[in-house]
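**Student:** Protein chains in written order, with our numbering: chain A, 1 to 328; chain B, 329 to 656.
2 protein chains.
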Amino acid sequence: MITMKEIARRANVSSATVSRVLNNSGYVSDDVRKRIMKIIEETGYIPSEHAKALRTKQSNVIGVILPKLSTETSSRLVNGISEELAKHGYQILLANTNLDPEKEIENLKLLKSKQVDGIILLATNRGQELVSEIQKLSIPFVATGQVIEGVPSVINNNFQAAKDITSHLIEKGHQKIAFIGVDEADWEVGHRRKEGYLAALKENQLRIVDEWIQKGIFSIESGYTSMKKILESGNERPTAVVCVTDRLAIGAMEYLGEIGLSIPNDIALTGMGASDLSKYVVPRLTTIDLLSETTGAEAAKTLLEIIKEGNTSDKKVIDYRLIIRDSI
Amino acid sequence: MITMKEIARRANVSSATVSRVLNNSGYVSDDVRKRIMKIIEETGYIPSEHAKALRTKQSNVIGVILPKLSTETSSRLVNGISEELAKHGYQILLANTNLDPEKEIENLKLLKSKQVDGIILLATNRGQELVSEIQKLSIPFVATGQVIEGVPSVINNNFQAAKDITSHLIEKGHQKIAFIGVDEADWEVGHRRKEGYLAALKENQLRIVDEWIQKGIFSIESGYTSMKKILESGNERPTAVVCVTDRLAIGAMEYLGEIGLSIPNDIALTGMGASDLSKYVVPRLTTIDLLSETTGAEAAKTLLEIIKEGNTSDKKVIDYRLIIRDSI
DNA sequence: CTGAAAGCGCTTACAG
DNA sequence: CTGAAAGCGCTTACAG
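1. If you pair each beta-carbon of the region 510–529 of chain B with each one of the region 480–496 of chain B, do three or more pairs fall below 8 Å?
2. Fully enclosed by the region 39–122 of chain A, which beta strand (DSSP E) runs are 3 residues long or longer?
3. Which of the three DSSP states is assigned to Gln175(A) in this structure?
4. Quick one: grab the DSSP three-state call for Ile148(A).
5. Quick one: which residues of the region 85–113 of chain A get their C-beta closer than 8 Å to a C-beta of chain B? List them in chain order.
6. In this structure, does DSSP put Glu364(B) in helix, strand or coil?
7. Go through its chain and collect everything with a Cβ distance to Tyr90(A)'s Cβ below 6 Å, but skip five positions before and after it.
8. Hey, Ile447(B) and Leu439(B) are a contact pair by Cβ (cut 8 Å); roughly how many whole angstroms apart?
9. List, in order along the chain, the chain A residues whose C-beta lies closer than 7 Å to that of Lys464(B)?
10. Assign Leu261(A) to one of three DSSP states: helix, strand, or coil.
11. Find the nearest neighbour of Ser402(B) within the set Ala627(B), Arg361(B), Asn593(B), Asp642(B), judged by alpha-carbon distance.
12. Which class does His230(A) belong to by DSSP, given the choice of helix, strand or coil?
13. Answer with buried or exposed for Met227(A), where buried requires no fewer than 16 other C-beta atoms within 10 angstroms of its C-beta.
14. Could you tell me whether any Cβ in chain A is nearer than 9 Å to the Cβ of Leu449(B)?
15. Between Arg33(A) and the rest of its own chain, which residues show a CB-CB distance below 7 Å, the 5 nearest in sequence each way excluded?
16. Note down, in chain order, every chain B residue with its Cβ under 7 Å from the Cβ of Ile65(A).
17. Am I right that Arg76(A) and Ser292(A) are in contact with their C-beta atoms under 8 Å? What's the rounded C-beta distance?
18. How about Ser398(B) and Val281(A): are their beta carbons less than 9 Å apart?
19. Could you please give me the residues that DSSP links to Gln542(B) through a beta bridge?
20. Go ahead and pull the three-state DSSP assignment for Asp492(B).
21. Pull up the DSSP beta-bridge partners for Leu256(A), would you.
22. Pick out whichever of Ser233(A), Asp100(A), Lys316(A), Thr17(A) has its Cα sitting closest to the Cα of Thr295(A).
23. State the start and end residues of the unbroken beta strand (DSSP E) segment that holds Ser481(B).
24. For Gln503(B) and Ile558(B), what's the separation of their Cα atoms in angstroms?
25. On the premise that Gly551(B) lies in contact with Ala580(B), defined as a C-beta separation below 8 Å, what is that separation, rounded to the nearest angstrom?
26. Does any C-beta atom of chain A lie closer than 9 Å to the C-beta of Thr399(B)?
27. Taking DSSP as the reference, what is the three-state secondary structure of Val244(A)?
28. Give the straight-line distance between the Cα atoms of Ile250(A) and Ser219(A), rounded to the nearest whole angstrom.
29. Three or more C-beta pairs closer than 8 Å, one from the region 98–117 of chain A and one from the region 375–385 of chain B: is that the case here?
30. So Gly181(A) and Gly190(A) are supposed to be a Cβ contact under 8 Å. How far apart are they, rounded?
31. In chain B, what lies closer than 9 Å to Glu221(A) by C-beta?
32. Can you tell me the Cβ-Cβ gap for Ala143(A) and Leu121(A), rounded? I've got them flagged as a contact below 8 Å.
33. Pick helix, strand or coil for Arg535(B), following the three-state DSSP scheme.
34. Which full runs of the alpha helix (DSSP H) of 4+ residues lie inside the region 258–328 of chain A, going along the chain?
35. Just confirm the distance between the C-beta atoms of Pro480(B) and Ser655(B), as a whole number of angstroms; I'd bet it's less than 8 Å.
36. What are the start and end residues of the alpha helix (DSSP H) that includes Met332(B)?
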């Protein structure tokens with residue numbers, strides 16, 4: 001591999017001068033600059049980032065830890081991060097945990113060893129061990145997906161979004177509203193969205209029926225079985241169902257279709273996430289756009305501020321939009 | 329930051345010995361090893377990968393260049409790559425071109441400067457400049473998405489897949505089959521799939537009608553307008569349409585729905601890609617699963633072989649599966 | 001079994 | 001405007 005030293009030799013200068021040309025730092029005579037540029041051009045010399053990083057303690061790489069890449073939310077989020085970072089000359093080093101929470105911590109260390117300039121974690125939990133590992137790291141850090149105490153976070157307004165969509169159903173006259181959620185260990189999606197749903201019911205003095213509150217996982221099938229449980233719970237039938245993800249709603253939709261119930265006439269249905277899918281199922285699904293690309297971009301911006309200005313913003317809340325379609 | 333030297337000082341040994349412990353290389357007495365391990369534990373010392381890479385010329389990082397992250401195909405592909413690489417202790421440095429072909433080349437250089445151990449390119453074109461840049465790089469390299477001459481490639485059997493799905497339509501009795509493709513500059517998706525379609529028609533001595541062969545872009549809307557053009561081309565109506573992506577097919581579906589044509593009774597429709605969407609539109613779309621995760625994993629494997637064994641496999645073709653559903 | 005020393009490819013005060 | 005030299009944090013022959 002060709003090195004700076006070699007370029008210097010060929011140009012009859014010291015490597016210090018070559019470095020100055022490359023970085024546009026300090027004075028270099030036009031003459032010498034041109035000579036060096038020409039040789040760099042000819043040889044196709046590319047400076048070693050490792051050597052540079054070792055000296056400057058800066059790598060222009062940001063680590064991103066995420067649970068899975070092939071879900072719409074993560075890929076949109078990472079796309080948002082990537083576009084924002086690219087504008088500022090940063091790249092992404094990816095760490096995929098494949099839904100294994102232990103790997104979140106493992107990857108934290110791995111990224112630290114790669115000397116990334118900062119880390120964005122798309123968190124699924126907020127365990128104590130994770131928090132303490134993050135503090136130990138002492139690296140610019142932004143969490144998204146979950147708000148983690150003591151750690152700058154960029155987050156959707158999950159409570160308000162769930163409350164809004166539920167309230168919208170109530171305004172349309174629904175009194176008997178069921179809910180399909182996920183495990184509350186996922187604080188934002190599981191707990192906060194459920195709280196939002198409950199708050200809307202309470203605010204309107206509506207009945208909270210335990211059998212109508214089901215807990216699934218992040219899959220379409222799970223929406224199917226949760227819907228089934230609700231309808232088989234014996235009691236009267238709800239007239240609407242709030243689901244915390246589009247996939248759960250689509251699963252519910254499948255089941256309702258199978259048993260011959262019509263949406264929205266017999267039962268209204270809402271999702272959350274504004275997935276591609278939500279737009280093309282029949283009937284088209286009412287949902288909430290969580291603006292994942294924006295969330296990612298905002299997480300990136302926040303991290304960059306922390307890196308550059310030592311800023312220590314604690315929590316940014318991202319907007320959302322209610323998308324009303326045919327399923328209600 | 330705590331360094332190896334500091335660990336050595338505290339343990340009363342040389343940094344050479346610390347290095348040996350860390351890498352399990354050479355002999356170290358059990359006594360000393362334990363003492364060092366303990367101090368590493370206590371201090372939370374994490375070795376610098378940059379320093380390591382500078383010495384060893386190996387970074388355990390693979391660069392991945394892709395046009396856009398938030399499409400189902402790329403995110404599945406990257407997921408496949410990431411899982412395979414993780415097994416072997418490699419990580420991914422992401423370079424997103426945002427559909428700008430010039431950035432493919434720019435990112436090639438960027439990744440080289442980051443001294444990645446290898447590069448996987450999810451190619452959208454196969455321009456001469458790109459090819460020559462790749463050769464110049466002299467870095468282990470695998471292309472996917474397109475086969476690039478002289479460069480190891482992992483590729484779907486686009487010709488055969490398109491031919492198969494068209495033939496299947498013919499077997500079901502269709503004689504008048506239209507086609508919605510994309511620009512042939514995208515050789516694999518635009519050209520090869522079209523060739524497959526044409527080959528099936530020719531093999532069965534079916535008529536090739538120019539007006540029935542439309543070219544769109546990678547979007548749902550484009551499927552809509554292409555379908556419109558086909559039906560408005562004046563002539564008789566085709567009884568089936570082969571689309572080179574699911575999104576195009578779904579756009580076509582929308583248009584057919586609007587003008588009151590029923591699928592598959594009036595017109596049969598096929599897609600390609602086995603997207604999530606294809607499973608939940610009504611009617612469910614017949615399509616081809618291109619096994620993108622497998623393609624990604626295979627690309628990663630191929631690259632690893634090249635890195636480790638200097639292997640220089642030129643072309644691997646990935647299998648596909650025809651998924652027959654209700655749209656035909 | 002362990003250490004001293006060189007070197008990976010850069011950058012950056014310092015001196016001139 | 002330019003260069004010599006030190007140093008970033010590791011690894012690895014070499015010597016003992």
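Built from N, CA and C at the ideal position, the CB exists for glycine as well.
**Tutor:** With the given structure in hand:
1. yes
2. 61–66, 91–96, 118–122
3. coil
4. coil
5. Ala86, Gln91, Ile92, Leu93, Leu94, Ala95, Asn96, Asn98, Lys109, Leu110, Lys112, Ser113
6. Per the sequence shown, residue 364(B) should be read as Ile rather than Glu. It is helical.
7. Asn60, Ile62
8. 6 Å
9. Gly44
10. coil
11. Ala627(B)
12. According to the sequence provided, residue 230(A) is Ile. The question's His does not apply to it. Helix at Ile230(A).
13. buried
14. no
15. Val21
16. Residues of chain B passing the Cβ test: none, with the nearest at roughly 11 Å.
17. 4 Å
18. no
19. Ile508(B)
20. helix
21. Leu256(A) is not bridged to any residue.
22. Lys316(A)
23. 481–484
24. 16 Å
25. 5 Å
26. yes
27. coil
28. 9 Å
29. yes
30. 6 Å
31. The premise fails here: Glu221(A) is roughly 12 Å from chain B at the closest Cβ pair, so nothing lies under 9 Å.
32. 5 Å
33. coil
34. 276–280, 292–309
35. So it is not a contact: roughly 36 Å between Cβ atoms.
36. 332–339
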